[in-house]
Every structure is written in C-alpha cells, then in structure tokens.
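Worksheet: one structure, shown below.
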Amino acid sequence: MGSKQRTLYPLLKDLEEEHLIRIVETGKRSKNIYRLTSFGEKTLQQIRGHRKESREKMLVLRNLFIEIFRQDKSTLYRLFFEIRIVIDDLSPDNNGRAARILEKCIDDLRRIKSDVCDTR
C-alpha cells in the first residue's frame, strides 16, 4: 500500500462518518465510488463562501495596509498579499514545493538587505 492510500482511505472514512460523502457503487476489485451527500454539498458551498469572503477581506486589508504604510513600497505589499491568495489556492500536495520557493525568496530578500547594509 502506497503512502497516498494510507492517507486517502482514512480521510474517505472520516468524510463518510461525517455524512459528507457516501458510497454509490462498488466496482471491480472492491473499488468504491463516492458521491457527495446533500449535507456534503451544503458544506462544500459554505467552505467556498468562506474562502471567497476571506479573499475579499484580504483585499480590503491589503488596500488599507498600502494606504497606511509607505506608498513607495505599495508594489511590494501588493505582491505580498497576492502570494497569500495564491497559497490559499494551492493543493496540499504542493505545500512542500511552495515552502521551498518562499524560503528561497526570503533568503534572497535577506541578501538584498545585507548588501545594502554592507554598502553603507
């Protein structure tokens, strides 16, 4: 059994116990076909609504942040908040890759800071 199977099956069982999904068919080799329940559909819509609301609040916060703080860094702040929105849309499978990219970005920014300090 692969690592994805060890993760996927307990998750499917949990979703089924929470009445979010149900088995609609058992295929060849005991392969289960799942479908969202009506409760699962409602829950998914709520999650999507919260996600949209969260994104809208982030945009308001970004605009306030840019207004309150220095205008000369507004492009950087906009990019910072845009990164947050992109991270929210990533699948968990990409978390490690995204973390490595962000860590490299932080290292590069620190290098810029130390270069500026060294020239003073």
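Take 138 as the starting number for the sequence shown in the working numbering and just add one per residue.
Quick reminder that beta carbons are idealized off the backbone N, C-alpha and C, glycines included.
Where residue i and residue j are concerned, what is the direct C-alpha to C-alpha distance, given to the nearest angstrom?
i: Ile152; j: Lys179; result: According to the sequence displayed, residue 152 carries Leu and not Ile. Computed Cα separation, rounded: 14 Å.
i: Ile238; j: Pro229; result: 15 Å
i: Phe217; j: Ile203; result: 11 Å
i: Leu198; j: Arg188; result: 15 Å
i: Met138; j: Asn169; result: With a pLDDT of 49 at Met138, under the threshold of 50, the modelled position of this residue cannot be trusted; read the value that follows with caution. The alpha-carbon atoms of Met138 and Asn169 are separated by roughly 16 Å.
i: Ser175; j: Leu201; result: 39 Å
i: Glu219; j: Lys210; result: 14 Å
i: Leu196; j: Glu162; result: 43 Å
i: Gly186; j: Ile224; result: 17 Å
Specify the secondary structure class of residue i as computed by DSSP and reduced to three states.
i: Glu162; result: strand
i: Leu173; result: strand
i: Glu155; result: coil
i: Ser191; result: helix
Kindly give me the distance between the Cβ atoms of residue i and residue j, rounded to whole angstroms, as I take these residues to be in contact under 8 Å.
i: Leu110; j: Gly177; result: Residue 110 lies beyond the residue range present for the chain, which begins at 138 and ends at 257; the question has no answer from this structure.
i: Leu227; j: Ala235; result: 6 Å
Between the options, which lies nearest to residue i when the distance is taken from Cα to Cα?
i: Arg159; options: Asp244, Arg199, Arg172; result: Arg172
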